[in-house]
Amino acid sequence: MTSTATIVPVILAGGQGTRLWPMSRASRPKQFLPLMGVRSLYQETLARVSDPARYAAPVIVTNADYRFLVSEQAQELGITPTAVLLEPVARNTAAAIAAAAEFVAGKFGADAVLHVLASDHAVTVDDNYRWSLDVAEAASRAGRLVTFGIAPTAPETGYGYIEAGAATGDGAHAVARFVEKPDLARAEAMLAKGGYYWNSGTFMFAAGTFLAETASLAPETGSAAKAAVAEAKADLDFIRLDADAFATAPNISVDYAIFEKSAKVALVPVTYPWSDLGAWDAVWKASPKDAAGNVTMGEVSLGNTRNALVVTDKAHVVVEGLDDIIVIASEDAIYVGRQSEAQKVGAAVKRLRANPKTATLTEIHKTAYRPWGGYSSVLHGERFQVKRLFVKPGKKLSLQKHHHRAEHWVVVSGTAEVTIDGQVTMLTENQSIYLPLGCVHRLANPGKILLELVEVQTGSYLGEDDIVRIEDEFGRA
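Quick note: the sequence shown uses this note's numbering, first residue 28, plus one each step.
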């Protein structure tokens with residue numbers, strides 16, 4: 028067991044939010060997107076907990092589908108997590124946090140303090156932010172379960188609220204009650220009365236205190252997390268929580284399971300700028316604006332337009348003579364709506380998901396990312412498909428074969444090492460090679476620059492599930 032006087036950050040990175048569609052999708056949700064700058068929201072979260080004087084290396088909780096994204100984006104910042112815990116099934120925040128607390132207690136001891144953060148929030152680090160951490164740490168080491176409450180700046184209906192109780196004399200407060208997401212009239216009344224804070228979903232506590240409260244208030248969650256960690260298995264650089272044990276945990280949030288029931292909860296009220304970026308209007312509010320109140324990302328031209336959010340991946344978007352509008356243009360889908368109705372994006376995604384013809388638009392991007400690089404769909408027709416493949420320097424795909432398709436590869440840039448039935452061929456720019464149906468093959472980039480290819484697939488079935496992996500350095504065989 029390793030002891031630590033520093034705080035162990037626990038970052039929850041497994042969510043599949045749909046309210047920022049079409050940019051956020053199941054295969055690459057908003058926490059891994061650069062919505063507020065060049066770094067993703069997850070990377071911004073990592074950066075906030077990277078001070079070694081205050082923090083140990085983070086523990087990341089995510090699911091298996093995101094494990095390589097989590098590791099790759101951490102690596103880009105030069106950060107090596109203490110651990111990446113993989114949830115076998117989604118069981119909301121209570122089970123995820125309990126599993127993290129079990130792991131941290133086992134590695135660092137029951138006195139270790141956890142700082143639990145969402146991976147997809149926008150936070151401004153200022154003096155008040157740093158003060159709140161000091162207050163929360165002191166309360167946590169004194170046996171309290173701390174929740175951070177954000178001083179409201181508007182009567183938001185998309186957030187839950189916490190009513191502060193009596194001050195404890197050290198910057199914290201008791202909690203009078205938790206309030207569900209209110210309607211507008213109730214939100215306005217709470218702001219007028221004062222003493223209410225937005226529930227940020229951010230927590231701090233000692234591992235042992237949280238686990239004791241979990242055993243008392245949510246024993247099924249506690250026992251499931253304890254068994255899932257005890258029976259966990261290492262997989263490359265990841266830790267897979269035991270599936271059978273974790274699945275027995277109730278699907279419940281940590282607020283309902285623990286914080287709304289515990290007598291040990293303390294509220295630390297704060298005023299630093301914060302947003303959960305839960306909808307496109309929240310992205311607009313949190314972003315720098317031009318003189319007309321517009322926020323643009325990508326190639327955008329505006330004329331006589333005010334209070335607009337326009338985001339585009341590639342296509343040049345022109346908006347003329349419109350106010351209070353959201354335009355989000357991804358590679359294969361475009362959303363247009365009013366700022367005031369941004370919360371309705373989730374309902375639109377549900378409609379798309381229910382239709383077999385549009386369901387994939389909610390699940391995968393036109394560009395799919397893999398631990399070795401990724402691919403983009405260029406053209407799809409009857410019995411053929413064209414893709415752009417990109418492979419990072421030093422990476423290689425699995426040794427594999429296909430039952431239903433043959434492939435042609437044309438190198439656009441970089442150097443390709445191609446293995447076909449044991450024979451290795453080196454290809455450079457403008458060279459091509461044919462891979463017959465059923466051959467055992469592998470693609471690798473032995474060079475120092477990105478390898479780009481055009482892949483033409485032909486055959487009776489072109490689905491991604493027609494891959495038989497024989498050998499794979501990422502544990503997928």
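A virtual CB, placed ideally from N, CA and C, is assigned to each residue, including glycine. This one's a predicted model, so the numbers in the text were calculated from it and none came from an experiment.
Which same chain residues end up closer than 8 Å to residue i when comparing Cβ atoms and leaving out the 5 residues on each side of it in sequence?
i             : result
valine 405    : Val413, Lys414, Arg415, Val481
arginine 171  : Ala199, Phe232, Thr236, Lys291, Val292, Ala293
tyrosine 402  : Thr394, Ala395, Lys414, Arg415, Leu416, Phe417, Glu482
alanine 313   : Met63, Ala149, Pro300, Ser302, Leu304
aspartate 210 : Thr184
Return helix, strand or coil for residue i, following the three-state DSSP convention.
i                 : result
tryptophan 307    : helix
alanine 233       : strand
aspartate 161     : helix
asparagine 472    : coil
tryptophan 453    : It is methionine, not tryptophan, that sits at residue 453 in the sequence shown. DSSP places methionine 453 in strand when its eight states are reduced to three.
aspartate 154     : helix
valine 86         : strand
isoleucine 106    : coil
tyrosine 299      : coil
phenylalanine 205 : strand
glutamate 358     : coil
isoleucine 447    : strand
threonine 120     : helix
alanine 166       : helix
lysine 260        : strand
proline 115       : coil
serine 51         : coil
By Cβ distance, which residues of its chain are closer than 7 Å to residue i, with the 5 residues on each side in sequence left out?
i           : result
glycine 222 : Glu190, Ala191
valine 97   : Ala40, Ile87, Thr89, Val111
glycine 42  : Pro56, Gln58, Asp147
What is the rounded straight-line gap between the Cα of residue i and the Cα of residue j?
i              : j              : result
glutamate 291  : alanine 342    : The sequence shown places lysine at residue 291, not glutamate. Distance between the alpha carbons of lysine 291 and alanine 342 is about 53 Å.
glutamate 444  : cysteine 466   : 16 Å
tryptophan 307 : isoleucine 497 : 43 Å
glutamate 358  : isoleucine 391 : 11 Å
glycine 421    : glutamate 368  : 46 Å
alanine 335    : proline 179    : 23 Å
aspartate 78   : leucine 60     : 23 Å
valine 143     : asparagine 119 : 14 Å
valine 346     : valine 327     : 8 Å
leucine 263    : tyrosine 461   : 33 Å
leucine 477    : glutamate 103  : 16 Å
aspartate 492  : threonine 72   : 34 Å
glutamine 458  : asparagine 226 : 57 Å
Do residue i and residue j have their C-beta atoms within less than 8 Å of each other?
i             : j             : result
threonine 248 : alanine 121   : yes
glycine 474   : glycine 441   : yes
glutamate 287 : aspartate 269 : no
alanine 255   : alanine 242   : no
leucine 464   : histidine 429 : yes
tyrosine 186  : lysine 220    : no
alanine 165   : threonine 184 : no
valine 297    : tyrosine 188  : no
threonine 339 : alanine 356   : yes
leucine 244   : serine 289    : yes
leucine 141   : alanine 234   : yes
Assuming residue i and residue j are in contact, meaning their beta carbons sit under 8 Å apart, how far apart are those beta carbons, in whole angstroms?
i                 : j             : result
leucine 304       : histidine 148 : 7 Å
phenylalanine 501 : proline 398   : 5 Å
arginine 81       : isoleucine 38 : Actually they are not in contact, since the Cβ atoms of arginine 81 and isoleucine 38 sit about 15 Å apart, beyond 8 Å.
valine 337        : valine 354    : 5 Å
alanine 360       : leucine 329   : Going by Cβ atoms, the distance from alanine 360 to leucine 329 rounds to 21 Å, so no, they are not a contact pair.
leucine 470       : arginine 432  : Contact doesn't hold; Cβ gap of about 15 Å is too wide.
alanine 181       : alanine 193   : Not confirmed; about 26 Å, so no contact.
aspartate 499     : serine 425    : 4 Å
Excluding the five sequence neighbours on either side, which residues of its own chain have a C-beta within less than 6 Å of the C-beta of residue i, listed in chain order?
i             : result
leucine 238   : Ala128
alanine 163   : Val173, Met231, Val295
glutamine 484 : Gln412, Arg432, Glu434
aspartate 92  : none
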